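2 protein chains.
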Amino acid sequence: MALRHAVLAALLDGEYSGYQLAKVFDVGVANFWYAAPQQLYGELAKLERDGLITGRQVIQRHRPNKRLFTLTGAGVAELERFASAPAKPLVLRDDLAVKVHAVDHVDPEPVLAQLAERASTAAAKLALYERTLRELRQDTDEETFLRDGERVGPYLTCLAGCRLERTVHDWCVDTARVLRQRARTGSHP
Amino acid sequence: MALRHAVLAALLDGEYSGYQLAKVFDVGVANFWYAAPQQLYGELAKLERDGLITGRQVIQRHRPNKRLFTLTGAGVAELERFASAPAKPLVLRDDLAVKVHAVDHVDPEPVLAQLAERASTAAAKLALYERTLRELRQDTDEETFLRDGERVGPYLTCLAGCRLERTVHDWCVDTARVLRQRARTGSHP
DNA sequence: ATAGGCATGTAAGCAGTTACATGATTTA
DNA sequence: TAAATCATGTAACTGCTTACATGCCTAT
């Protein structure tokens, strides 16, 4: 199973509707797991069938009703079991890296454009994650929060997100610089 | 399509058999794309059917025969088309990050063990990638190689691998330190 | 008015994973 | 003698992506 546990972990933070989870998983925060909305609705239905979560209907005025989901005891137990099972290696798949690998044999212009775009989305994500960190730790400084805070899990994964996006951003910028310089001097057919 | 282009890009480096590609894709070097052997044999068959690669049989003594694959003109054209199409966002999925997200609600011991393991595999990959970089640039220094080298694509993606593994490694070490300290002082039920 | 946000799903198809299957040769 | 390396596949299953479908409310 896969998405399953990411959803359970997300529900540790409180009640969520499918729509709300979709937004969280769209950015990929909180879980290092991307998922499309349709996938979430499907997974939530399965999780409820299996008794790992329960949904309660919330009637709303002026907007569609929604269902908020909470972890059950069985859900928490399943998370516990998952956490102590051996971790699968991280899955990374990147189109852009494949393109850079091939850059000596194809037109570098579109690749440069894509590197610039990736750099700017990484910068945007970084800013978002840094805002999230500030919200999580409130007035406390980071060191104190990590030592005494009650719930540091989401903070730690968000830190991972920051580092990752910074790495991605810097790599894109540096790689683009190399390719642009080569295009200028142009001594490679 | 997905694996497809990663395989085509890998074949820019020369002829490969399914078995050889499997080793490359198992580590994930060269392409930022992991793939299991079975997947590769399947994909190679499809690519040959579609005329993007051609295989030639190599008869061997003392070991099984193999088939080496090369890009065709159509294959290179397909790569060119792929490189200029908009890049899909990078896909990242990580069990371990999900576990860290949940670490305040589950037993941290097994998570610590998994962080240590991840840190050491990241260090091993880093060492491997650094060796690869040295092989690629031979005697030249990095700056010169990136300016004047003929084929920098694989070098640039390998640099990305280095940065990524370093980021992963450091995050695991730092996260483990935070969690160990919390376990010692133990003021959080 | 139109775009965007809220809110939930179904269906079909493709990609990726896990398990199974085989067999010779080299190294420890 | 056992384990690792070379070498190639098939089959079943699960999970993920893409496309489709609906409809109200709010803000510009």
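These protein sequences, in sequence, are chains A and B. 1 is the number of the first residue of the first sequence in UniProt numbering; add one for each residue after it. 1 is the number of the first residue of the second sequence in UniProt numbering; add one for each residue after it. Glycine is no exception: its CB is placed at the ideal position from the N, C-alpha and C atoms. Keep in mind it's a predicted model, so treat the numbers as computed, not measured.
| query | result |
| --- | --- |
| Per-residue DSSP class, three states only, for residue 7/B | helix |
| Nearest-angstrom beta carbon gap, residue 71/A and residue 11/A [assumed within contact, 8 Å] | 5 Å |
| N-terminal and C-terminal residue of the beta strand (DSSP E) that residue 71/A is part of | 66–71 |
| Cβ-based contacts, 8 Å cut-off: residues of the region 124–143 of chain A near chain B | none |
| Contained beta strand (DSSP E) runs [length at least 3] in the region 91–120 of chain A, N- to C-terminal order | 91–93 |
| 8 Å Cβ cutoff, residue 104/A in contact with chain B | yes |
| Three-state class that DSSP yields for residue 138/A in the structure shown | coil |
| Residue 84/B and residue 110/A closer than 8 Å at C-beta | yes |
| Per DSSP, the bridge partner or partners of residue 53/B | 71/B |
| Backbone secondary structure at residue 34/B - three-state DSSP | coil |
| Interface residues of chain A facing residue 169/B [CB-CB closer than 8 Å] | The premise fails here: residue 169/B is roughly 11 Å from chain A at the closest Cβ pair, so nothing lies under 8 Å. |
| Same chain, Cβ closer than 7 Å to residue 79/A, five either side skipped, listed in chain order | 5, 8, 9 |
| Any C-beta of chain B under 8 Å from that of residue 120/A | no |
| Segment limits, alpha helix (DSSP H) that includes residue 154/B | 153–185 |
| Of the residues 34/A, 126/A, 15/A, the one placed nearest residue 161/A, counting alpha carbons only | 126/A |
| Opening and closing residue of the alpha helix (DSSP H) in which residue 26/B lies | 18–27 |
| 8 Å Cβ cutoff, residue 42/B in contact with chain A | no |
| Pair within 8 Å by beta-carbon distance, residue 168/B and residue 118/B | yes |
| Test item: CB-CB of residue 128/A and residue 154/A under 8 Å | no |
| Classification of residue 89/A by the beta-carbon crowding that lies within 10 angstroms, buried from 16 upward | exposed |
| 8 Å Cβ shell around residue 59/B - same chain, five flanking residues per side excluded | 65 |
| Residue 113/B versus residue 81/B: straight-line alpha-carbon distance, rounded | 45 Å |
| Residue from 182/B, 180/B, 176/B, 142/B with nearest C-alpha to residue 174/A | 142/B |
| Buried or exposed by the 16-neighbour rule on C-beta atoms within 10 Å, applied to residue 62/A | exposed |
| Through-space distance from residue 186/B to residue 50/A, alpha-carbon basis | 34 Å |
| Chain A contact for residue 190/B (CB, 8 Å cutoff) | The structure shown does not extend to residue 190/B, since chain B is modelled only from 1 through 189, so no value can be given for it. |
| Inter-residue spacing [alpha-carbon to alpha-carbon] between residue 46/B and residue 76/B | 16 Å |
| CA-to-CA distance, residue 40/A to residue 147/A, given in whole angstroms | 34 Å |
| Best match in 99/A, 17/A, 32/A, 132/A for proximity to residue 158/B [C-alpha to C-alpha] | 99/A |
| Residue 87/A vs residue 95/B beta-carbon contact at 8 Å | yes |
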